[in-house]
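Notes follow the structure.
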């Protein structure tokens, strides 16, 4: 590594920073775990300190940071779980209980063994803290192994994309997820990674110049209008750029949201005030506004998104703005990692309740799935697939797969249309095979609700995965807790 443990740890985990971030009791816990890890590891393995430093930067709570310092000791038989419980208490011991990072047998064709998948899910135990620790150690393993082209490293990268990345996304660990994806991209497709990196590098300086000018100008615009805000520049990761190019068929130069600004304010009303100000000062691009505050993403993500046309003599590309509160920003970047440091135990538990439910449901879904591959497909469908949001009678929200039709909506909404009934989309009569678009409003006149039998819903698209929907072995995804109701 070229750096000794005390120097590495000092960079991220100085006593002064620990005391500033934690209460006296929590700071004492982290300090004791750090000293214990140094003593038992004999200054040989930097991994515990790298993991703890990374989690500290992610605003993780003291129990998780201490767990990162202690977990490798248990894995390497340098400490006994009972000793950990006695020294550091039941909360730390519970996070480390049965925690391991099992390898999943992988043949290169996504042929996983069910028992290996079961072992991974059991290790996470339906607890976000445990998943966060495993994701952190997996990231370090990938980033430290990027220079090696061994079958084992490629296997680990493929496994990470299939399991760890969707779970990181669901836990709203935005920064960790992006780093996982970039590391896997580098390992699995080194030539393509390098080709894209070389294409991005020449335009990166221009992007950075545009961001600096825009950041300064937007900050002045907000200040002149009495809005206190933090403004941050944002560039897309290499994996994010590649994924956007493959999904849209666009070239690097054509990607609209390659650069952007995040505007972080105190309250939700200020978010909408900033949106109005931007749309007045810049020219908004039609069809690019998304309100994820009023209608959060399935993983709880909240923000306002809008794109504006290029600014003359500053940017040759459209500019994306993301507008959110401090709490929404913390949630988007650090998710579960930050809940327990900044919120009371009760508030943190309430917000993590939905994620915990989802994680606990993974094990049940795995057992119901026909195979490990079917479970992986379900996991990715729940987390990554694009979907439509359609509004039904009485304002009901129904999520459908892309290219869904009126008939698909009726099946999902569990509504039986009787002879003579009229179905309207956006106030106009619609045929059963009419495709629906995001934001459509569907109204059924002179109809009666069905009994809810499986036969009546049998025609639903299997790709549907929304709130309250159950496929052959799916469980409903959680309904995100509205984070803008700040506590």
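Numbering (my numbering), first residue to last: 1084 to 1570.
From the three backbone atoms N, C-alpha and C, an ideal C-beta is built for every residue, glycine too.
Predicted model only: the values in this text are computed from it and were never measured.
DSSP three-state label for residue i, please.
{"i": "residue 1349", "result": "coil"}
{"i": "residue 1485", "result": "coil"}
{"i": "residue 1401", "result": "coil"}
{"i": "residue 1408", "result": "strand"}
{"i": "residue 1235", "result": "helix"}
{"i": "residue 1396", "result": "coil"}
{"i": "residue 1366", "result": "coil"}
{"i": "residue 1299", "result": "helix"}
{"i": "residue 1109", "result": "helix"}
{"i": "residue 1526", "result": "strand"}
{"i": "residue 1318", "result": "strand"}
{"i": "residue 1241", "result": "helix"}
{"i": "residue 1310", "result": "coil"}
{"i": "residue 1548", "result": "Note that residue 1548 scores 29 on pLDDT, short of 50, meaning its location in the model is unreliable; the coordinates nonetheless yield the value given after this. If DSSP states are grouped into helix, strand and coil, residue 1548 belongs with coil."}
{"i": "residue 1389", "result": "strand"}
{"i": "residue 1224", "result": "helix"}
How would you call residue i, buried or exposed, if buried means at least 16 neighbouring beta carbons within 10 angstroms?
{"i": "residue 1381", "result": "buried"}
{"i": "residue 1213", "result": "buried"}
{"i": "residue 1211", "result": "buried"}
{"i": "residue 1250", "result": "buried"}
{"i": "residue 1120", "result": "buried"}
{"i": "residue 1131", "result": "buried"}
{"i": "residue 1352", "result": "exposed"}
State the Cα-Cα distance for the pair residue i and residue j, rounded to the nearest angstrom.
{"i": "residue 1407", "j": "residue 1348", "result": "6 Å"}
{"i": "residue 1104", "j": "residue 1364", "result": "39 Å"}
{"i": "residue 1239", "j": "residue 1452", "result": "23 Å"}
{"i": "residue 1487", "j": "residue 1495", "result": "10 Å"}
{"i": "residue 1367", "j": "residue 1324", "result": "22 Å"}
{"i": "residue 1490", "j": "residue 1383", "result": "29 Å"}
{"i": "residue 1532", "j": "residue 1520", "result": "At residue 1532 the pLDDT is 43, less than 50, meaning the model places this residue with poor confidence and gives no usable figure here."}
{"i": "residue 1290", "j": "residue 1394", "result": "13 Å"}
{"i": "residue 1403", "j": "residue 1413", "result": "19 Å"}
{"i": "residue 1427", "j": "residue 1166", "result": "Annotation note: pLDDT 48 at residue 1427 (below 50); position unreliable, coordinate value reported separately. Using only the alpha carbons, I get a separation of about 28 Å."}
{"i": "residue 1258", "j": "residue 1416", "result": "6 Å"}
{"i": "residue 1308", "j": "residue 1302", "result": "10 Å"}
{"i": "residue 1255", "j": "residue 1141", "result": "12 Å"}
{"i": "residue 1106", "j": "residue 1100", "result": "11 Å"}
{"i": "residue 1220", "j": "residue 1498", "result": "47 Å"}
{"i": "residue 1518", "j": "residue 1152", "result": "53 Å"}
{"i": "residue 1243", "j": "residue 1263", "result": "8 Å"}
{"i": "residue 1344", "j": "residue 1397", "result": "14 Å"}
{"i": "residue 1278", "j": "residue 1445", "result": "37 Å"}
Between the Cα of residue i and the Cα atoms of the options, which residue gives the shortest distance?
{"i": "residue 1228", "options": "1388, 1267, 1255, 1215", "result": "1267"}
{"i": "residue 1236", "options": "1255, 1249, 1273", "result": "1273"}
{"i": "residue 1401", "options": "1450, 1389, 1508", "result": "1389"}
{"i": "residue 1178", "options": "1500, 1100, 1207", "result": "1207"}
{"i": "residue 1112", "options": "1147, 1124, 1358, 1245", "result": "1147"}
Under the criterion of a Cβ to heavy atom distance below 7 Å, does residue i qualify as lining the ligand HEM?
{"i": "residue 1358", "result": "No copy of the ligand HEM occurs in the structure displayed, which carries no ligand at all."}
Exercise for the section: Report yes or no: do the stretch 1327-1338 and the stretch 1308-1315 share at least 3 C-beta pairs separated by less than 8 Å? Expected result: no
Practice task
Determine contact between the stretch 1157-1176 and the stretch 1109-1120, defined as no fewer than three beta-carbon pairs at a distance below 8 Å.
Solution key: yes
Handout entry: At least three beta-carbon pairs within less than 8 Å, the stretch 1370-1378 to the stretch 1273-1288
Key = no
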